[in-house]
Every structure is written in C-alpha cells, then in structure tokens.
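Asker: Here the first sequence is numbered in the working numbering, starting from 61 and rising by one per residue.
This is the structure I want to talk about, given as structure tokens.
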Amino acid sequence: MLRASGVGTTVPGKERDGNRVVVALRACALVSGLDDTAVAEIASGAATHQVKANSHLFEEGENCTGLWVLTSGRVRLLHMMADGRQHAVGFHAPTTPLDLGAALDGRPYMATAVTLVDSEVAFVPRTSLVDMGRDYPVTIRNAIQLLCAEVRQRDIAAAVGVLKDARGRIGCTLLQLARQFGVTSDSAIRINYPLTRQHIADRSGVTVETAIRVMSELQQQGIIQTDNQIIQILDIPRLSHALDCGTCQLECSVFSQRPAAG
DNA sequence: TCATTAACCGTCG
DNA sequence: CGACGGTTAATGA
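If you want it as structure tokens, here you go:
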C-alpha cells in the first residue's frame, strides 16, 4: 500500500532544526509540566516530518515503534471494516499524540492514521518514551490523563453508536465536533475542521446519502450551514432539542475541548 | 471530486 | 403497514 509514501522530508532532531522539534513537542499535553530542558532532551531522539494531505502515517495492525504527535494540520483515525467501508474513530488537531495506547504498550496500532490536509508530525521512538517515563514521572501522569480521556470518549461513542438512530448519531457527531473544534463566530459555532459529507458519514456509521439527507434537513431548518466543507451550527439549542438531548443520559461533555479541571 | 436528489427496496417494529 | 436507511443512478458544481 501507500505505507509511509507521502511522508516527506525528515528533519533530524539534533541539527539546527532541533528547536523546531522542541517547539512542536512542547505544546503536547504529554510533556506538560516539563521545562524546556527536559522537552529538549526528549526531542533529541525525535524527528519531524512534513506530510501531504491524505498520507497514511501508520496502518491498523502494523507494528508500533514509537509515538506520532500531530504538530500541524489535521488527522483522522480509522478502522477498516470487512465490507471495505471505514469507520472514523476520531478527528485530531495539533498537538495530539496519535494512538498513544499503541505507543505505550508497543503492540500494533489500533487504527490507521490519515492526514486530511498537508501536515507536520513528530515521531518519538519508543526508547525515548521509555526514558521519558523513567526520568520524568509527571509524563506518566499526563499519559494516564490522556488515555482516560480517550477511554471515556470511546465509551460514549460506542453507546451512541448502539443506542441512537442515524439522525441521532449524525447529530451527536456534529455536537461532538463542535465541542472539540468549535470556535464561536457571531452567535454561531464554526467547526474549524474541513469535513466532507463522507467524513461525517464515516464517523456516524451511515452512508453519505443518509448524512446528506439528514444534514440537508438541518440546513433547511436553519440549524446548520455549510460553506466549503466548514460546518457552522447556527442554533445549538435547536439542534440539541432535535436530538432529545434533554432526555439523553450520555455524558457527552467528555468531548469538550478543554478537559474538566483537575 | 464532492454534493445533491430521487426512486426503489428490504428490514423491522 | 409505514418509518427508516441502504442502494443505485443521474446530475450539477
């Protein structure tokens, strides 16, 4: 397959661009609480890569030799299904550690990572991760926090997938994306992430046509609006109401942009 | 390539 | 039966 084709220039961490890796990694929650010296030490074993849109960073089932951190751009994580369709496990923005679980336990990747746009990623070899955990225990705490957040999100997503119909799943997808990537403009919330109808469908477990069917209705009702693959939610209360959020018991706030304080 | 529409059809409550 | 949602096909941007 494509493998790492599309993965472009390698920038060794040691050279003059070492700074670049440091800057890229410093924003990652995994190393929060560390000073620049510590981050530089970790970054010395890492490298950044420039990748084009639609590049595969790694494949589900492939052996994992380190951690990919998205430092610029957009990535989605996918499960391939038996019938050839794909299920989008999540959408990610900088500075997300991609499939942290695989990177930590060294077992094969749980999903395939594909860039949506031209992006930059940093790769930290497993040996560096092991050193990091030994030398800086706070990173262990950070990793636990990140993994817990992932587990909670997967748990809710699984419940939504089983309990809701197509409308509900698409609506939840939109609200979740708004939580994760929403920026407020005027009275609306813009999902700052270029998404095709197919992407929404892959995330919601429906066909494109169904995603279009549902989203067209929402547009006609003036609840959402799409402009060049950027979705705006004009009326959150009405979307919530259309979804019966009032009676839904699922704790979807776990998709919130900023993790709950603590 | 992406978005949209519509007719059609099978499943299930 | 009727709502729902997948399939297929056609069309336009």
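For each residue, glycine too, the CB sits at the ideal point set by N, CA and C.
Measuring alpha carbon to alpha carbon, tell me which of 314, 79, 80 and 86 ends up nearest residue 211.
Answerer: 314
Asker: Please report the residue range of the alpha helix (DSSP H) in which residue 204 lies.
Answerer: 197-223
Asker: Count the other C-beta atoms from every protein chain shown that fall within 10 angstroms of the C-beta of residue 194, then say buried if there are 16 or more, exposed otherwise.
Answerer: exposed
Asker: Tell me the rounded alpha-carbon separation between residue 202 and residue 258.
Answerer: 34 Å
Asker: Out of 157, 295, 290 and 174, state which residue places its alpha-carbon closest to the alpha-carbon of residue 207.
Answerer: Of 157, 295, 290 and 174, the smallest CA-CA separation from residue 207 is found for 157.
Asker: Measuring CB atoms only, is the stretch 248-256 touching the stretch 288-306, in the sense that at least three cross pairs come out at less than 8 Å?
Answerer: yes
Asker: Taking 6 Å as the limit between beta carbons, can you name the residues of its chain near residue 198, skipping five residues before and five after?
Answerer: 93
Asker: Express the C-alpha separation of residue 205 and residue 123 in angstroms, rounding to a whole number.
Answerer: 24 Å
Asker: On a Cα-Cα basis, can you pick out the residue from 166, 149, 316 and 218 that is closest to residue 235?
Answerer: 316
Asker: Could you work out which residue in 304, 306 and 103 is closest to residue 185 when comparing CA atoms only?
Answerer: For residue 185, the nearest C-alpha among the options comes from 103.
Asker: Tell me the DSSP secondary structure of residue 313 in three-state form.
Answerer: Residue state, collapsed to three classes: helix.
Asker: Exposed or buried, which one is residue 223 when buried takes at least 16 other CB atoms within 10 Å?
Answerer: exposed
Asker: Do the CB positions of residue 136 and residue 151 come within less than 8 Å of each other?
Answerer: yes
Asker: By how many angstroms is the C-alpha of residue 189 removed from the C-alpha of residue 109?
Answerer: 18 Å
Asker: Measuring straight from C-alpha to C-alpha, what distance separates residue 174 and residue 168?
Answerer: 16 Å
Asker: Give me, in chain order, the residues of the same chain whose beta-carbon lies closer than 7 Å to that of residue 219; leave out the 5 immediate sequence neighbours on both sides.
Answerer: 310
Asker: Could you give the DSSP three-state label for residue 69: helix, strand or coil?
Answerer: Because residue 69 sits at a pLDDT of 48, beneath the cut-off of 50, its placement in the model cannot be relied upon, and the point is left open.
Asker: How is residue 264 classed by DSSP in three states: helix, strand or coil?
Answerer: helix
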